[in-house]
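Chains A and B, in that order, give the protein sequences. Position one of the first sequence corresponds to residue 5 (my numbering), numbered consecutively onward. Position one of the second sequence corresponds to residue 2 (my numbering), numbered consecutively onward. Virtual Cβ for every residue (Gly too), placed ideally from N, Cα, C. Owing to the predicted nature of the structure, the values given are computational and were not obtained by experimental measurement. All remarks here apply to the structure that follows.
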Amino acid sequence: MNPPTALIAEDEPLLAQALRAALARLWPALQVVATAGDGPQAVAQALALRPTLCLLDIRMPGMSGLEAAHAMAEDWPDEPAAPPFPLLVFVTAYDEYALQAFDAQAVDYLLKPVDEARLEACVLRLQRTLATRRDAAQALQDSLAQLRGLLGAATAPPAPRLQVLQAQVGSIVHLVPLEQVIYFEAADKYVRVVTAEREHLIRMSLRELLPQLDPQRFWQVHRGTVVQAQCVASARRDESGKAFLALRGRPETITVSRLYAHLFKGM
Amino acid sequence: MMPAAHPASPAPQPPYALSWPLVRAQLLRGALFVLLLCVAIALLLTATGRSAFGDGLLHSLCIGLCCWLIIDGGRHLLAHRRQCARARQGLDADLPAGFPGWRWMALLLLLGMTLGPVAGTTLARRVLGSAGQPWWDMGGGDQLTWLITLLASVASVVTLTLLERLSHARAEAEAARRAAAENQLKLLQSQLEPHMLFNTLANLRVLIGSDPARAQAMLDRLIAFLRATLGASRSAMHPLATEFERSADYLALMQVRMGARLQSHLDLPDALRGLPVPTLLLQPLVENAIKHGLEPKVEGGRIEVAAHDEDGQLFLTVRDSGVGLGEVAAFGPAFGLQQVRDRLRTLYGSNAALTVQADEQGGTRASIRLPMPR
């Protein structure tokens, strides 16, 4: 069996270094294969190196540790020979509200400053989990279930609801009533707003937009896609756990990631 | 092409709401006051032999309650209409509940004093069954009736209005005290943010093992930062050099945490070092630049804190090369900035200002303009 590997995602260099040193003392067999200083880098490194476990700081530039975990779960390769999804340990200085959710989902987390005894307990638990883990598919399913549980609890508090979107093109501002929107798609710092007739770009991130939408009407189906539920004609699931949506009013299909595929099931 | 998104215009302000319990309490208090006054008048009339007690009480009660209805009812009606009209124009209530202004009060008083006795006397006669006399003929005691009504009305209106204004002022002072205490707490929470504190301690813990000298220096900065934040009296002034020293403490702590991602630069000309400025005025701007500008930016960046004088005014500027204002807008009205604006307004009125704008080189630029201290 290959030696276990780890990725550390922590934006504060001293803390990353200290965590690495402490892990070396407590778990000599563990190889830290990468240290990432921001969210996007953590996702890229995890997908490229496929470590056994990831220690993710929650507050990082670019993308939070939670968002990074979501991105990894969505993009983790499908092929049967793929290594199991990494065990996740979140690290945070202070985040009382989210931590209750972590407890509820039995997700490992460490509080900064990390004391050695707490880290040792965490290492023992990780080693036990690795020893008893049966197969790769199960690892991914377990992580998906945990992340889904965190999704609801760790989102931003609801903001005042939007009624009309204002998309500016040159000197013209287009007003788009929310009920005409079929789906939203993240495009870097913008969001593409797709209606039956045309598309608009609005300058805000999907993360900023989401709390302003009614979650009953607008469903997130992928980390980069939010669809209006009544515009979905049908959903077709495939064996990898993803689903594909046919829309009313648009010819294209929309991909539902594994994290959200459970939303589409017969009544 | 510049796409932009704006949330729909904010929900309209809730219209001016009449506080029924308050109006009811005021009306009842007025009625009670009038009743007691009427009893006193009846006793006085009886004692001076002008009328029998029952007769006098009936007359004074009828007149008193008519006056009360006109004056007290009228003022509440007028006050309500006034505040509704203001609310429609988007203005806040400007006078205490139930007070339409002294001019309207005088008019109501006049109305009450003339109509009250006429209506009251008519009512009393109706009760006594002697309704035959015309209303203008009030019998032998009519001059006395007018005089008593005049004195009693003026006394009631003045007393009641002053009492209400007093309790209104007391309630306002209480609300202001509570708001000030809440603000102080919020300010403390925003400055002693647990996330910042625990991360700083985590770094300190690491340094104690690896670099004790650096750990000690960091601890000194943390102590200075905590002392300034916890001890700063909001109204006190200190020299600009000290203000920059506090910013330097905070930035040094952030430097250890962010490492190469943060470059900071402080520029304070020697001539300005001794100028008195409000304590920790810059702190919220520096914290915003880090928290909303540089921390979320993957590659980090540079923060510049500078002071200069121009046209007899002092400018304090915090520039960062962070993610810019777009991201900050999503956090809503920033408490830190509001607090700086409030302090400037209290201390300097319209002679000082805070502007926050997108910097020419990307990032954000916050600038405070103060009258040059002497």
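From A:L249, A:A265, A:E243, pick the residue whose C-alpha is nearest to that of P84 of chain A; which is it?
Reading the first sequence from its first residue, position 80 is the one you call residue 84 of chain A. Of all alpha-carbon atoms in A:L249, A:A265, A:E243, the one lying nearest the alpha-carbon of P84 of chain A is that of A:E243.
DSSP beta-bridge partners of H60 of chain B:
If you number the second sequence from 1, residue 60 of chain B lands on position 59. According to DSSP, H60 of chain B bridges with nothing at all.
Determine contact between the stretch 58–75 of chain A and the stretch 295–313 of chain B, defined as no fewer than three beta-carbon pairs at a distance below 8 Å.
yes
Between the stretch 71–90 of chain A and the stretch 299–316 of chain B, can you find at least three pairs of beta-carbon atoms closer than 8 Å?
no
When you compare the stretch 117–129 of chain A with the stretch 11–30 of chain A, are there three or more beta-carbon pairs, one atom per stretch, that lie closer than 8 Å?
yes
Any beta carbon from chain B within less than 8 Å of G66 of chain A's own beta carbon?
On the first sequence, residue 66 of chain A is found 62 positions in, with the first residue counted as 1. By this cut-off, G66 of chain A is an interface position.
For S211 of chain B, count the other beta carbons within 10 Å of its own beta carbon; 16 or more makes it buried, fewer makes it exposed. Which is it?
Here residue 211 of chain B refers to the residue found at position 210 of the second sequence. Exposed, because fewer than 16 other Cβ atoms sit within 10 Å of the Cβ of S211 of chain B.
So with CB distances below 7 Å, who are the chain A contacts of G302 of chain B?
Here residue 302 of chain B corresponds to residue number 301 of the second sequence, with the count starting at 1. Within 7 Å Cβ-Cβ: nothing; G302 of chain B doesn't reach chain A, min ~11 Å.
Measure the C-alpha to C-alpha separation of A120 of chain B and G91 of chain B and round it to an integer number of angstroms.
Position 119 of the second sequence, counting from 1, holds the residue named residue 120 of chain B. Position 90 of the second sequence, counting from 1, holds the residue named residue 91 of chain B. For A120 of chain B and G91 of chain B, the distance between alpha carbons rounds to 40 Å.
Enclosing alpha helix (DSSP H) for M255 of chain B [first to last residue]
Translated into the one-based positions of the second sequence, residue 255 of chain B becomes position 254. Start and end: 241–259.
Chain-ordered neighbours of L241 of chain B on chain A, where CB pairs are closer than 9 Å
Position 240 of the second sequence holds residue 241 of chain B. What L241 of chain B touches in chain A: nothing, since even the nearest Cβ is about 31 Å away.
Beta strand (DSSP E) containing F336 of chain B: first to last residue?
Indexing the second sequence from 1 puts residue 336 of chain B at position 335. Unbroken run through F336 of chain B is the alpha helix (DSSP H), 336–349; no beta strand (DSSP E).
At 7 Å on the CB atoms, spell out the chain B contacts of P17 of chain A, in chain order.
Taking the first residue of the first sequence as position 1, residue 17 of chain A is located at position 13. Under the 7 Å cutoff, chain B gives G260.
Simplified DSSP state of G275 of chain B, which is helix, strand or coil
If you number the second sequence from 1, residue 275 of chain B lands on position 274. The DSSP-derived three-state label of G275 of chain B is coil.
Using 8 Å as the threshold, is the C-beta distance between S322 of chain B and G350 of chain B below it?
One-based indexing of the second sequence puts residue 322 of chain B at position 321. One-based indexing of the second sequence puts residue 350 of chain B at position 349. No, the pair does not count as a contact, with Cβ atoms beyond the cut-off.
Nearest CA to the CA of V24 of chain B: which residue from B:A156, B:H77, B:A32, B:A53?
Position 23 of the second sequence, counted from the start, is the residue given in the question as residue 24 of chain B. With respect to the C-alpha of V24 of chain B, the residue from B:A156, B:H77, B:A32, B:A53 having the closest C-alpha is B:H77.
Mapping DSSP to helix, strand and coil, what is W223 of chain A?
As a working mapping, residue 223 of chain A is identified with position 219 in the first sequence. Residue state, collapsed to three classes: strand.
Short Cβ contact (8 Å threshold) for V306 of chain B with L273 of chain B:
The sequence position of residue 306 of chain B within the second sequence is 305, counting from 1. The sequence position of residue 273 of chain B within the second sequence is 272, counting from 1. The answer is no: Cβ separation not under 8 Å.
Looking at the secondary structure, which residues open and close the alpha helix (DSSP H) in which A26 of chain A lies?
As a working note, residue 26 of chain A is residue 22 in the first sequence. Unbroken alpha helix (DSSP H) run through A26 of chain A: 17–30.
For D271 of chain B, tell me which candidate among B:F245, B:P279, B:A335, B:L59 has the shortest Cα-Cα distance.
If you number the second sequence from 1, residue 271 of chain B lands on position 270. Nearest option by C-alpha distance: B:F245.
Is the stretch 54–62 of chain A in contact with the stretch 244–252 of chain A, if contact means three or more CB pairs nearer than 8 Å?
The stretch 54–62 of chain A makes no contact with the stretch 244–252 of chain A; the number of CB pairs closer than 8 Å stays below 3.
Kindly list, in the order they appear in chain B, the residues whose Cβ is closer than 9 Å to that of R24 of chain A.
Translated into the one-based positions of the first sequence, residue 24 of chain A becomes position 20. Here the premise fails: no neighbours, minimum Cβ distance about 11 Å.
Can you tell me the Cβ-Cβ gap for V207 of chain B and L18 of chain A, rounded? I've got them flagged as a contact below 8 Å.
As a first step, residue 207 of chain B must be located in the second sequence, where it is residue number 206. As a first step, residue 18 of chain A must be located in the first sequence, where it is residue number 14. V207 of chain B to L18 of chain A, Cβ: 5 Å. Contact.
Is there contact between the stretch 29–48 of chain B and the stretch 79–86 of chain B, where contact requires at least three CB pairs shorter than 8 Å?
no
Closer than 8 Å, CB to CB, is P117 of chain A near chain B or not?
As a first step, residue 117 of chain A must be located in the first sequence, where it is residue number 113. Chain B contact via Cβ: present.
Drop a sphere of 10 angstroms on the beta-carbon of T365 of chain B, count the other beta-carbons inside from all chains shown, and report buried for 16 or more, exposed for fewer.
Position 364 of the second sequence, counted from the first residue, corresponds to residue 365 of chain B. Per the 10 Å Cβ criterion, buried.
For V158 of chain B and A182 of chain B, I'd like the C-alpha separation in whole angstroms.
Here the question's residue 158 of chain B lines up with position 157 in the second sequence. Here the question's residue 182 of chain B lines up with position 181 in the second sequence. Their Cα atoms are separated by approximately 36 Å.
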